[in-house]
Every structure is written in C-alpha cells, then in structure tokens.
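Worksheet for the structure shown next.
Residue numbers (the numbering used here): 14 to 428.
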C-alpha cells in the first residue's frame, strides 16, 4: 500500500522558504565581504556578488548575490567614493548593512541599505601597509629613493596616456619654463586607470629599461581621471617594479589625499603632472644657481688671488729694496771698517818693518868687515878671497892682510 505524501510545487516550496526567511531573519545585518562583481544597469540598480575567502585568501568559502536599488545606490556610491577616494568596484572589501530577501524566481539575495566607508579605508590601508612591509622585508622598498637625480636632468621618459590632459599640461609646463631650459621627452603610452593599469605600466617600464642609458629620469603621470581610479597604484607587482627600476621615478598621478604604494616607493612624489614639471624645472634652476654661484666664487677667488699676488709682489719689492739698502749700507760699513783696519794694519806693518829694517841695518853695521876691522881684527885674503883656515895656505903663498887703515902683502915662509 503506497504511503501518503505531501507534495509541493516549486513555487509553494519557495514561498515557504521566503516566509521562513522573513520570520527567521527579519532584521538588517552588518556583514563584511569582498565585492567580486559590480554591475549597474540602465534602471539605476546595481547587482553585486559578495564572496568570502579563507585565511589563505585563495579558496572561496561563501558567496551570495546582492542588489542595491537605484534610490539607495546613487547616494551610497557617491558617499562611499567621496569618503574613500576609491571606486565602488570589484576587488574591494566592504562593510554593508543588508537584509535577507528570497524570491521565488531568483532565490536568496542580500539587499544593501547602507555602507561603512571606514571599514574599506581600513582594509585599503592594511593592504598598502602589507605591500610596504613585504617590499621592506625584501630589501627593495627604498632602492629607487637612494638613486641620485642627475644635476643636469633633461632627458625624460614619460609614462602616461597620450590623450590625458595631465600629459599635455606637463609638456606645456616644461616648454614654457621661464629659464629657457630645453627638455627632451619621450612618451611611453600606458593605460592609467582600470584593471589593465598594472600590466600596461609594467610594459612601459620594460621598454624604458632597454634604453635606460638614453634617459635621466622617469616621470609617471596621470590627470583628468577620477580619484577613485587610483586602486591600481596599490599593487605589489607594480610597486616592486618601480622600487627596483634603475632610473629615478617621479610620481605625479594626480591626487592629494592619500599616498599610494607607488608614491611610497618612487624617488619623488608630487601631487600633479604640472607639479612634476615644476620639480624638474626647479632641479635645473638649482643646478644653474649652483653653477652661477661657483662661477662668482671662482671669479672672486681669482680676483682675490690677483690682489694677494699683487700685494705679495709689492711687499717683496719693498722688502728687496729695504734689504738691498740694508745690505749696501752694511757692505759699505764693512768696507769702511776693512779700509780703516787695513790702513791701521798697513801702518803697523810698515812701522814694524821699518823698525825691523833699522835693527837689521844696525846688525849689519855691527857685523860689517869695516866695523870688525876697526876693532883690531884683520882679514887674510888669498887671490882676493878671504882665507878662513890655515889649512888653505901653503908655504910660499902670497897673502894680503887687510886692516882698518890699509893692507899689507905677506908670504908664508914656513909651516
């Protein structure tokens, strides 16, 4: 015998589920989830898909459809983007107030009533902090900041959209600089907003890398887009490429409130494309000022050295004149002293020699033969030569004996 069964139509079952949901979940609930899909339609409604991932952030552990009706969506979207500076789009985490609805046709969905932007801001800040921490641990966070921008920085690789108003402003600012500096720019086009931003900018960086020796600096600029399009600049992969790039990067991606990760790793961050141009002009002006200062310093130094040399030569001339005069006077004085001393010495020498000569004359006079003969002595001569010894006289020799008053001839007769 067949058992009696209660049979429901699908509609009846879904009605029962709807009623159960209404009774069991009557309130609004705050939930945190990630937006995986955001699809506004022509009627102004916005269809969402919420997901939640496990702790590894890889496996989806929950998923649910959501809807924001037009009258709520227009207010919620503008409020959220104004407060966070980011787009209400897929990929962000949100804290929303929802009620649970069940439709017999579409099944369960979450109707969004309100949103807390502070939660998303906190999650965005956490994401930025996590990327920065990771780059720091890898030792690359400050690599680009440690590069030096050349003193003469004129060859500029620009990453921007060719149609962006900011790119035009940047070029005009450079060309119309008050100093007349000449800059050489080369555009490497890239998509600067949306999901393709990361890959497009990395591709542009790779092109510049292969010609890095032709450029002094890279300028990354965007302008004219919504502030909410900046999410792409909080990318680990893009930040890692910028941080390790071999040329200094100047970031001017057109926002003032928050610093993206790209701003954090770039060599220099400025607010706008025109500010980027002004920065480069100021760099050149600073270099020009330093060169002019050095030029003035060199000219002043040369003038100072010339004055010092002139003063030194003048001083040397005066000293030489003084020394010459002093030496001349000294030499003249010495010569006079020497002349006087010589005269005295000559006089003394002459007097001494005269006295000595007189003494010699007296001595000669005393020992002269005439004087000796006068004293009774006699000279014996043989052949007109004085005989000094008897051994020199032979018997029979004729001799002459000379005395003071005359001579006598004698002959030796015996030995």
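C-beta atoms are modelled at their ideal positions from N, C-alpha and C, and glycine is treated no differently.
### Message
Which residues does DSSP list as the beta-bridge partners of residue 52?
### Response
Among the bridge pairs identified by DSSP, residue 52 is matched with 60.
### Query
Considering only the beta carbon of each residue, do residue 293 and residue 201 sit closer than 9 Å?
No; because the gap between Cβ atoms is not below 9 Å, this pair is not in contact.
### Message
Taking the alpha-carbon of residue 43 as reference, which of 372, 247, 112 has the nearest alpha-carbon?
### Response
The shortest C-alpha separation from residue 43 is found at 112.
### Query
Using the rule of at least 16 other Cβ atoms within 10 Å of the residue's Cβ for burial, across every protein chain shown, is residue 373 buried or exposed?
So residue 373 counts as exposed.
### Message
Which complete alpha helix (DSSP H) runs does the region 133-192 hold, if anything under 4 residues is left out?
### Response
Within the region 133-192, the complete alpha helix (DSSP H) runs of at least 4 residues are 178-188.
### Task
Give the straight-line distance between the Cα atoms of residue 261 and residue 229, rounded to the nearest whole angstrom.
A direct Cα-to-Cα measurement between residue 261 and residue 229 gives close to 8 Å.
#### Entry: As assigned by DSSP and simplified to three states, the class of residue 130
Reduced to three states, the DSSP call for residue 130 is helix.
### Query
According to DSSP, is residue 286 helix, strand or coil?
Look at residue 286 here: in three-state DSSP terms it is helix.
### Task
For the beta strand (DSSP E) holding residue 197, just list the boundary residues, first then last.
Here the beta strand (DSSP E) through residue 197 covers 197-202.
### Query
If we ignore side chains and look at the alpha-carbon of each, how far apart do residue 138 and residue 297 end up?
Each residue's alpha carbon lies about 36 Å from the other.
### Query
Looking only at C-alpha atoms, which of 407, 290, 422, 363 sits nearest to residue 186?
290 is the residue among 407, 290, 422, 363 whose C-alpha sits nearest the C-alpha of residue 186.
### Message
Within 10 Å of its beta-carbon, does residue 399 have 16 or more other beta-carbons around it, so buried, or fewer, so exposed?
### Response
By the neighbour-count criterion, in which 16 or more other beta carbons inside 10 Å mark a residue as buried, residue 399 falls on the exposed side.
### Query
Looking at the unbroken alpha helix (DSSP H) that takes in residue 214, where does it start and where does it end?
Element bounds for residue 214: 210-222.
### Query
How should residue 107 be labelled, buried or exposed, when 16 other C-beta atoms within 10 angstroms of its C-beta is the threshold for buried?
Buried, since its Cβ has 16 or more Cβ neighbours within 10 Å.
### Whether residue 171 touches residue 198 by CB criterion (9 Å)
Taking 9 Å as the cut-off, the beta carbon of residue 171 is found closer than this to the beta carbon of residue 198.
### Message
What does the alpha-carbon distance come out to for the pair residue 350 and residue 359?
### Response
The straight-line gap from Cα to Cα measures roughly 14 Å.
### Query
How many angstroms separate the CA atom of residue 218 from the CA atom of residue 254?
So the alpha carbons of these two residues sit roughly 8 Å apart.
### Task
Note down, in chain order, each residue of its chain lying with its Cβ closer than 8 Å to the Cβ of residue 47, except the 5 sequence neighbours on either side.
Correct list, in chain order: 63, 64, 65, 66, 104, 105, 106, 107.
### Message
On a Cα-Cα basis, can you pick out the residue from 244, 98, 376 that is closest to residue 130?
### Response
Among 244, 98, 376, the Cα nearest to that of residue 130 is on 98.
### Task
Could you please give the first and the last residue of the uninterrupted beta strand (DSSP E) stretch that includes residue 115?
Start and end: 106-116.
### Task
Taking residue 40 as part of the alpha helix (DSSP H), name the residues at either end of that continuous run.
Run containing residue 40: none; DSSP gives neither H nor E here.
### Message
Distance check for residue 77 and residue 122, CA to CA, integer angstroms please.
### Response
Between the C-alpha atoms of residue 122 and residue 77 there is a straight-line separation of about 6 Å.
### Query
In whole angstroms, what is the alpha-carbon distance linking residue 14 and residue 29?
Caution applies to residue 14, whose pLDDT of 46 falls short of 50 and renders its modelled position unreliable; the value that the coordinates give is listed next. About 30 Å.
### Task
Go ahead and pull the three-state DSSP assignment for residue 374.
Note: residue 374 maps to helix in three-state DSSP.
### Query
Counting only runs that start and end within the region 61-88, where is the beta strand (DSSP E) found for 3 or more residues in a row?
Those beta strand (DSSP E) runs which fall completely within the region 61-88 and span 3+ residues are 73-81.
#### Entry: Straight-line gap, residue 426 to residue 409 (C-alpha atoms, nearest Å)
Going by the C-alpha atoms only, they are around 6 Å apart.
### Query
Hey, residue 157 and residue 280 are a contact pair by Cβ (cut 8 Å); roughly how many whole angstroms apart?
For a cut-off of 8 Å, the C-beta gap from residue 157 to residue 280 is around 5 Å, short enough to register as a contact.
### Task
Helix, strand or coil for residue 393, going by three-state DSSP, please let me know.
Secondary structure of residue 393 (DSSP, three-state): strand.
### Task
Please report the Cβ distance between residue 286 and residue 265, rounded to the nearest whole angstrom; I am assuming they are in contact, meaning their Cβ atoms lie under 8 Å.
The beta carbons of residue 286 and residue 265 sit about 5 Å from each other, so the pair counts as a contact at 8 Å.
### Query
What number of angstroms, rounded off, separates the C-alpha of residue 395 from the C-alpha of residue 378?
Whole-angstrom Cα-Cα distance: 25 Å.
### Message
Excluding the 5 residues flanking residue 3 on each side, which residues of the same chain have their C-beta closer than 8 Å to its C-beta?
### Response
Shown here, the chain extends from 14 to 428; a query on residue 3 therefore has no answer.
### Task
Compute the beta-carbon to beta-carbon distance between residue 235 and residue 177, rounded to the nearest angstrom, for a pair I have assumed lies under 8 Å.
So it is a contact: roughly 6 Å between Cβ atoms.
### Query
Ordered along the chain, which non-local residues of its own chain (more than five positions away) have a Cβ less than 6 Å from that of residue 163?
Excluding sequence neighbours, residue 163 sits near 229.
### Query
How would you call residue 211, buried or exposed, if buried means at least 16 neighbouring beta carbons within 10 angstroms?
Flag for residue 211 reads buried.
#### Entry: Neighbour-count burial assignment, residue 180, 16 or more Cβ in a 10 Å radius
Residue 180 comes out buried.
### Query
Excluding the five sequence neighbours on either side, which residues of its own chain have a C-beta within less than 6 Å of the C-beta of residue 174, listed in chain order?
Closer than 6 Å at Cβ, skipping near neighbours: 205.
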